[in-house]
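Counting from 3, one number per residue, gives the positions in the sequence shown under my numbering.
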Amino acid sequence: MLCCLISDGIFASMPKVLILLGSKSDEAVMSDCVKYCEWFGIHADMIVASAHRDPDRADELARTARANGYSCVVAAAGMAAALPGVVAARTDLPVIGVPLEGGLPGGVDALYSIVQMPPGLPVATVTVGKAGARNAAVLAARIIALQDESVRKKLEEFRSKGYKLQ
Ligand code: AIR
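Okay, here's the thing in structure tokens:
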């Protein structure tokens with residue numbers, strides 16, 4: 003019981019990032035986002051919520067993200083990747099978009115879908131694919147580090163390792 007209380011307490015004090023995916027098929031490429039977040043001491047919840055196939059779920063998760071204690075949202079999708087933009091329309095939290103390959107060569111369909119947001123509604127778009135999964139976590143860490151000293155120290159360590167985990 004004591005253990006639970008202690009672990010709950012530690013858990014509760016960790017910064018949190020919500021990672022939304024357009025499909026379960028995006029999980030493998032986005033797994034590094036969770037791994038990198040955890041290395042920085044950031045708790046990550048990864049949930050599938052397609053903007054096209056399950057728009058109500060995507061909408062609900064985006065609208066409740068701040069109240070649920072998340073500092074920012076990472077949204078990853080391939081093809082006509084509307085998810086990051088839809089999330090940005092439903093929350094004032096910073097939204098980081100990860101374009102994934104799977105449709106047109108190089109993931110350019112997803113890249114253009116995510117990066118070309120209309121004025122006033124930004125999505126911070128990172129690299130296509132696996133590099134983007136990692137960069138999304140590092141960018142989330144940089145945002146969180148503005149107010150979190152332990153994450154800022156992990157960013158220093160990350161830099162000293164040549165921007166790698168080991
Ligand atoms: N997708 C799913 N709903 C909306 C979009 N844009 C994307 C997923 C995935 C691709 O479509 O993010 O990258 C193919 O999904 P699936 O489920 O057919 O493998």
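A virtual CB, placed ideally from N, CA and C, is assigned to each residue, including glycine.
Once the 5 residues before and after residue i are set aside, which same chain residues still bring their CB inside 8 angstroms of it?
i, result
"P17", "G43, I44, H45, S73, I146, D150, V153"
"C35", "I21, A46, M48, V76, A78, V100, A135, R136, A138, A139"
Short of 7 angstroms in beta carbon distance, which residues of its chain neighbour residue i, apart from the five on each side in sequence? Order them along the chain.
i, result
"S25", "V50, S52"
"E103", "G80, G109, V130, G131"
"T93", "A64, R65, A67, R68, V75"
"L157", "A143, R144, A147"
"V31", "L102, G131, K132, A135"
Applying the 10 Å Cβ sphere with the 16-neighbour rule, what's the burial state of residue i?
i, result
"G71", "exposed"
"L148", "exposed"
"E80", "Residue 80 is actually Gly in this sequence, not Glu. Buried, because 16 or more other Cβ atoms sit within 10 Å of the Cβ of G80."
"T127", "buried"
"G108", "exposed"
Closest to residue i by C-alpha separation, out of the options, would be which residue?
i, options, result
"D47", "D56, Q118, H54, E29", "E29"
"A90", "K163, I116, A69, G109", "I116"
"G105", "K37, G131, R92", "G131"
"W41", "D61, A83, V19", "V19"
Which same chain residues, not among the five before or five after residue i, have their C-beta less than 6 angstroms away from its C-beta?
i, result
"A161", "According to the sequence shown, residue 161 is Arg rather than Ala. Counting only Cβ-Cβ distances below 6 angstroms, and skipping sequence neighbours, we find nothing."
"P86", "A77, V97, G99, I116, V125"
Which residues share a DSSP beta bridge with residue i?
i, result
"D150", "DSSP lists no partner for D150."
"L47", "Contrary to the premise, residue 47 reads as Asp rather than Leu in this sequence. Answer is L20."
"A77", "L22, G99"
Within the stretch 84-117, ranges of the alpha helix (DSSP H) (whole runs, at least 4 residues)
85-92, 110-117
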